[in-house]
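A.B. asks: The opening position of the sequence shown corresponds to residue 909 in my numbering, with each subsequent residue numbered one higher.
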Amino acid sequence: MVTYTIGQAADLLGVSIDTARRWADADRFPTRREGKRRMVDGPDLAAFCVEVAQEATEDGDAPYTSARNAFPGIVTAIKLGDVAAQVEVQAGPHRVVSLLTREAVEDLGLEVGLQVIARVKSTSVHIDRG
């Protein structure tokens, strides 16, 4: 069975290690000790990830979009052409590149340093202002 450290679980949940520890201490998901390390079994973590996502949807915290894969980040580069544009976003350790129209970049007011959300659906990357 796959197991994760509490730090890895926090990364997968998109929260701080302290938040993951508080959730575990509040029995929101089970953990166990292996020596000094607190471990989470993969199936338990997967179930909790689904629960957290459902809570966000029910609470209205989820965005109104059909694109589910959201990467919050910061615009690091914009290359404008006559019609098309390339926008680069650094989302944590991930570099996400979106090809879109120049008009879309201008309408969104995108600029280097702006916080955005890159949404990936199929082979398309959508950029939302944060």
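Built from N, CA and C at the ideal position, the CB exists for glycine as well.
Return the CA-CA distance between ALA1039 and SER924, expressed in angstroms with no decimal places.
C.D. replies: Residue 1039 is absent from the structure shown; the chain starts at 909 and stops at 1038.
A.B. asks: Is the number of C-beta pairs between the segment 944-958 and the segment 909-919 that are closer than 8 Å three or more?
C.D. replies: In short, these stretches touch, since the Cβ pair count reaches three.
A.B. asks: Which whole-angstrom value describes the C-beta separation of LEU921 and VAL960, a residue pair presumed to lie in contact below a C-beta threshold of 8 Å?
C.D. replies: Indeed, because the Cβ distance is near 6 Å, the residues count as touching under 8 Å.
A.B. asks: For the 8 Å Cβ check, are there 3 or more pairs between the segment 934-944 and the segment 981-993?
C.D. replies: Touching, no, given that fewer than three Cβ pairs across the two stretches are closer than 8 Å.
A.B. asks: Could you pull the DSSP bridge partners for PRO980 from this structure?
C.D. replies: PRO980 is bridged to ILE1025.
A.B. asks: Whole-angstrom Cβ separation of PRO980 and ILE914, contact assumed at under 8 Å?
C.D. replies: That pair is no contact at about 22 Å.
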